[in-house]
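Asks:
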Amino acid sequence: MTVVTPLTDVGSRTIRRDRKLRAFLRNPTFVAGVVILGIFVLLALFADVLFPTDPLDMVGPPVLWPGQDAEFPLGTDSLGRDVLAGLVHGARASLLVGVAAAAIGLAIGMVVGATAGFFGGRVDALLMRVVELFQTTPTFLLVVVIVAIGEPTVRVIALAIGLASWPTVARLVRAQFRSLRESDFVMAARSLGYSNLRIIVQEILPNALPPVIVAASVMIANAILTEAGLSFLNMRDPNLVSWGGMIGAGRDLLRTAWFLTALPGVAIALAVLSLNLVGDGLNEILNPRSDP
Amino acid sequence: MRMYRRIGATLKRTAIHAGPTILGIIVLDFLLLQLVPGDAADMIASESGSATAESMAAIRQRFGLDQSVLNQLLNFLGHLAQGDLGFSPRYNMSVFDMIMTRLPGTLLLMATALSLALLLGIIVGSVMAAWAGRWPDRVLSVVVLVFYSMPGFWVGLMAVVLFSVNLGWLPSDGSMTVGANLTGWAFVWDRLSHLILPALALASFFIAVYARLTRAAMLEVQRQDFMRTAAAKGLHPFFIQLHHALRNALIPVTTVAGMHLGNLLGGAVVVETLFGWPGMGRLALEAVLARDFSVLLGVLLLSSFLVILANAAIDLLHAWLDPRIGPA
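As they're listed, the protein sequences go chains D and X.
If you read the first sequence in our numbering, its first letter stands for residue 810, the second for the next number, and so on.
If you read the second sequence in our numbering, its first letter stands for residue 669, the second for the next number, and so on.
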């Protein structure tokens, strides 16, 4: 009896990781997205090092066009505040709100979705009613009302956006759990006597993660866009610079100094674009139907 | 005949399902709004500069704001059962009249934006799917992704800079030229020129969504066997794409469009504020800021009606598009 040994051990960890790495590098848009996102994250982290003065300080003559003065490469706004410093510090506020809101939405959504998907029956029906209730209310109005309940600080805004966006994640996780609930490894785990919680967290959840990770990047992108809309409507933290707030402030000078609304918008578009590229790339990589 | 039975079944199912949902929404929203600090009396007092404690108490008593939460809720539900949406302390009109002044504007904007988004999105998505992998697809994918990433109100602002400020072709404010008393074609053109920019601003994000969806759905459909049969029958390729592929691809697109219809009301808030468009989104925002909860509840109620109606309509549309979808 001869034992056939395969030429390559397909299950070997190093080879699997190398394959994923090559898939990652083969996708130029994904790499571009990661690079741009990385730049924004670095800018947000090192904002205080690059621009130590408060971006809300009046530092120059008002309404300088970009390129007019070497000291203010992107110009100044109506109160003489540096636009470039505002953009870099705004990255911090926007990314912070985006990530926090997505984290809250993911946490709530995963708990609700896992419970509904795993247990089924009446628990499922009840939780899905709650999800429906949330989904019939217009998202933006719900966020506005929640921000009105609390005060417009970064914490409350992130909480509001998270509370308004968890239903999508819940639906996604529920669908995943419903299909994975019937698989063999779950049956094996049950026969070994694992508790429900252990099955949910240790067995099903790691397998349900790929679409959730993709959804996470989309949620961060949407959270940034929602926060920009809120800031534009003046429901923002008055002590922080944010891109949406800069657009709102620049709107008064739309005829003469349109760069004040254009530049923060470009920043928002680039950040959200990088997140979408990362999300698309992750979808291709993590999608089990695609070849490694 | 089968269609009528279908419509009847869908309507019955919707009505049974919608009743408790709407009730739940009303109660939840009412309780949520009680958490907001301040009430209409505070806002009226703040706007008039000052108020005595007696006048504020009188305002509260007039609008029933001094009663317990449960009483207020029961009163509201009672009035609602009789079809009365309540009275707005801020606008001094009945809530129903208030909403009716803004509803046409909202419907016009939403219908235009959604139709525009669907039309352009499906066309762009079909083009992308037809040339999949080649340069038109790649270029359009980038363009679509860029539109997906830009905030709608910023697209509106840039459009205003280009078309209103620099070119002077289109107006940037309101829904019509006030006091002009135009009739006939001039009236239609006036309204249209005011409508284009806000509709485009609102639609920009959704064009991208539908384009991507159409492309994915059409590529999925191409792999099905019946497409090969249709080609083997000798049908013209364009006809195959239009009649077979697109028809199946429309199902996911219309589902998502139906979901967006409900959210369009809230999303329009920013665009309406930007363009000064008289719509319910702006009304809702003003109601929150003025703590005018009767108006806000009316708007929220109406929008949930809209979502439920849209879902029912989408169900019927799916049955027409795909006969395999039997009565659920």
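Just so you know, even glycine gets a beta-carbon here, dropped at the ideal spot from N, CA and C.
1. My assumption, with CB atoms under 8 Å, is that X/P819 sits in contact with D/A967. Please give the rounded CB distance.
2. Any beta-carbon of chain D closer than 8 Å to the one on X/W822?
3. Does any CB atom of chain X fall closer than 8 Å to the CB of D/G914?
4. In angstroms, rounded to a whole number, what distance separates the CA positions of D/P1101 and X/L969?
5. Looking only at its own chain, which residues have a Cβ that is under 6 Å from the Cβ of D/M1044, when we skip the five neighbours before and after it?
6. Express the C-alpha separation of X/I919 and D/T1047 in angstroms, rounding to a whole number.
7. Under 9 Å Cβ-Cβ, which residues of chain X neighbour D/I1056?
8. Output the boundary residues of the alpha helix (DSSP H) element that contains D/D1089.
9. Check for me: the alpha helix (DSSP H) holding D/R987 runs from which residue to which?
10. Between X/Q729, X/P757, X/I767, X/F973, which has its C-alpha nearest X/H685's C-alpha?
11. Does the structure place the segment 1012–1027 of chain D close enough to the segment 984–991 of chain D that three or more beta carbon pairs sit under 8 Å?
12. Shorter than 8 Å from the beta carbon of D/I958 to some beta carbon of chain X?
13. Between which two residues does the alpha helix (DSSP H) carrying X/M796 extend?
14. To the nearest angstrom, report how far apart D/P1103 and D/L859 are at their CA atoms.
15. Taking the alpha carbon of X/G926 as the point to measure from, which residue in X/L887, X/A885, X/V975 has its own alpha carbon closest?
16. Identify, in the order they occur along the chain, each residue of the same chain with its Cβ nearer than 6 Å to the Cβ of D/V1027, setting aside the five sequence neighbours on each side.
17. In the segment 759–784 of chain X, which residues sit with their C-beta less than 9 Å from some C-beta in chain D, listed in chain order?
18. By the criterion of Cβ-Cβ separation under 8 Å, what are the contact partners of D/G1074 in chain X?
19. Grouping DSSP H, G and I as helix and E and B as strand, with all else coil, what is X/T682?
20. Any idea if X/A683 is buried or exposed, counting beta-carbon neighbours within 10 angstroms, 16 or more meaning buried?
21. Kindly indicate the opening and closing residues of the alpha helix (DSSP H) around X/N834.
22. Using a beta-carbon distance below 8 Å, is D/G1038 in contact with chain X?
23. Look at the Cβ atom of X/L850, then the Cβ atom of X/D858, and state whether they are nearer than 8 Å.
24. Output yes if chain X places a C-beta closer than 8 Å to the C-beta of D/F849; else output no.
25. Quick one: what does DSSP say D/F881 is sitting in, helix, strand or coil?
26. Per DSSP, X/F755 forms a beta bridge with which residues?
27. Could you check the C-alpha separation between X/L933 and X/L777 for me, to the nearest Å?
28. Considering just the uninterrupted stretch of the alpha helix (DSSP H) at X/Y816, what are its terminal residues?
29. Comparing alpha-carbon positions, which option in X/D983, X/L696, X/L964 lies nearest X/G754?
30. Please report the Cβ distance between D/A1078 and X/V956, rounded to the nearest whole angstrom; I am assuming they are in contact, meaning their Cβ atoms lie under 8 Å.
31. For X/M886, I'd like the list of residues in its chain whose CB is within less than 6 Å of its CB, leaving aside the five on either flank, ordered along the chain.
32. Where in the segment 915–979 of chain X do unbroken runs of the alpha helix (DSSP H), each at least 4 residues long, occur, reported from the N-terminal end onward?
33. Is D/D886 helix, strand or coil by DSSP?
34. Between D/G884, D/G869, D/P870, which has its C-alpha nearest D/G876's C-alpha?
35. Using a Cβ-Cβ cut-off of 6 Å (strictly less than) and excluding sequence neighbours within five positions of D/S1040, which residues of its own chain qualify?
36. Taking CB distances under 8 Å as the criterion, tell me whether X/T882 reaches chain D.
Replies: This is what the structure gives:
1. The residue you call residue 819 of chain X lines up with position 151 of the second sequence. The residue you call residue 967 of chain D lines up with position 158 of the first sequence. The pair is not a contact, with the Cβ atoms about 18 Å apart (cut-off 8 Å).
2. Within the second sequence, residue 822 of chain X is the residue found at index 154, counting from 1. At least one chain D Cβ lies under 8 Å of X/W822.
3. In the first sequence, residue 914 of chain D corresponds to position 105, counting from 1. No, D/G914 does not count as interfacial toward chain X.
4. Mapped onto the first sequence, residue 1101 of chain D falls at position 292. Mapped onto the second sequence, residue 969 of chain X falls at position 301. Reliability of the predicted coordinates at D/P1101 is poor, the pLDDT of 36 falling under 50, and the value obtained from them is presented with this limitation in mind. Near 49 Å, if we compare the C-alpha coordinates of X/L969 and D/P1101.
5. Within the first sequence, the letter at position 235 stands for residue 1044 of chain D. If we look at D/M1044 and ignore the five residues flanking it on each side, its Cβ neighbours are V956, P961.
6. Within the first sequence, the letter at position 238 stands for residue 1047 of chain D. Within the second sequence, the letter at position 251 stands for residue 919 of chain X. Strictly speaking, residue 1047 of chain D in this sequence is Pro, with Thr absent from that position. Straight-line Cα distance between these residues: approximately 45 Å.
7. Along the first sequence, one-based indexing puts residue 1056 of chain D at 247. Neighbours of D/I1056 on chain X, chain order: P819, F821, W822, L825.
8. The residue given as residue 1089 of chain D occupies position 280 in the first sequence. Looking at the DSSP string, the run of the alpha helix (DSSP H) that includes D/D1089 is 1068–1095.
9. As a first step, residue 987 of chain D is located in the first sequence; it is residue number 178 there, counting from the start. Where D/R987 is concerned, the enclosing alpha helix (DSSP H) stretches over 963–989.
10. Here residue 685 of chain X corresponds to residue number 17 of the second sequence, with the count starting at 1. The shortest C-alpha separation from X/H685 is found at X/F973.
11. yes
12. As a working mapping, residue 958 of chain D is identified with position 149 in the first sequence. By this cut-off, D/I958 is an interface position.
13. The count along the second sequence starts at 1 and reaches residue 796 of chain X at position 128. Start and end: 763–798.
14. Residue 1103 of chain D cannot be examined here, being either before or after the span of chain D that is shown, 810 to 1101.
15. As a position in the second sequence, residue 926 of chain X is number 258, starting the count at 1. Cα-wise, what sits closest to X/G926 is X/V975.
16. As a first step, residue 1027 of chain D is located in the first sequence; it is residue number 218 there, counting from the start. Cβ neighbours of D/V1027 beyond the five flanking positions: G1088.
17. none
18. Counting from 1 along the first sequence, the entry for residue 1074 of chain D is found at position 265. Under the 8 Å cutoff, chain X gives M818, P819, W822, L825, M826.
19. As a first step, residue 682 of chain X must be located in the second sequence, where it is residue number 14. Reduced to three states, the DSSP call for X/T682 is helix.
20. Position 15 of the second sequence, counting from 1, holds the residue named residue 683 of chain X. It is exposed - the Cβ of X/A683 has fewer than 16 other Cβ atoms within 10 Å.
21. Within the second sequence, residue 834 of chain X is the residue found at index 166, counting from 1. Premise fails: X/N834 is in no alpha helix (DSSP H) and is neither H nor E.
22. Numbered from 1 along the first sequence, position 229 holds the residue referred to as residue 1038 of chain D. Yes, its Cβ sits closer than 8 Å to a Cβ of chain X.
23. Counting from one through the second sequence, the residue named residue 850 of chain X turns up at place 182. Counting from one through the second sequence, the residue named residue 858 of chain X turns up at place 190. Cβ atoms of X/L850 and X/D858: closer than 8 Å.
24. Position 40 of the first sequence, counting from 1, holds the residue named residue 849 of chain D. No, D/F849 lies away from the interface with chain X (no Cβ there is under 8 Å from its Cβ).
25. What you label residue 881 of chain D is simply residue 72 of the first sequence in a count that begins at 1. Here D/F881 sits in strand by DSSP.
26. Indexing the second sequence from 1 puts residue 755 of chain X at position 87. In DSSP, X/F755 forms a bridge with X/S762.
27. Taking the second sequence and counting its residues from 1, the one referred to as residue 933 of chain X is at position 265. Taking the second sequence and counting its residues from 1, the one referred to as residue 777 of chain X is at position 109. Using only the alpha carbons, I get a separation of about 10 Å.
28. For the purposes of this step, residue 816 of chain X is taken as the residue at position 148 of the second sequence. It spans 803–817 - the alpha helix (DSSP H) in which X/Y816 sits, taken as one unbroken run.
29. The count along the second sequence starts at 1 and reaches residue 754 of chain X at position 86. Nearest C-alpha to X/G754: X/L964.
30. Along the first sequence, one-based indexing puts residue 1078 of chain D at 269. Along the second sequence, one-based indexing puts residue 956 of chain X at 288. Between X/V956 and D/A1078 the Cβ distance is about 28 Å, and since that is not below 8 Å, they are no contact.
31. Position 218 of the second sequence, counted from the start, is the residue given in the question as residue 886 of chain X. So the list reads A797, A913, A917, once near-sequence residues are dropped.
32. 948–957
33. What you label residue 886 of chain D is simply residue 77 of the first sequence in a count that begins at 1. In the structure shown, D/D886 sits in coil (DSSP, three-state: anything other than H, G, I, E or B).
34. The residue you call residue 876 of chain D lines up with position 67 of the first sequence. Checking every option, the nearest Cα to that of D/G876 belongs to D/G884.
35. Numbered from its first residue, the first sequence carries residue 1040 of chain D at position 231. Taken in chain order, the residues that qualify are S1051, G1053, G1054.
36. Translated into positions along the second sequence, residue 882 of chain X becomes position 214. So no, X/T882 is outside the interface.
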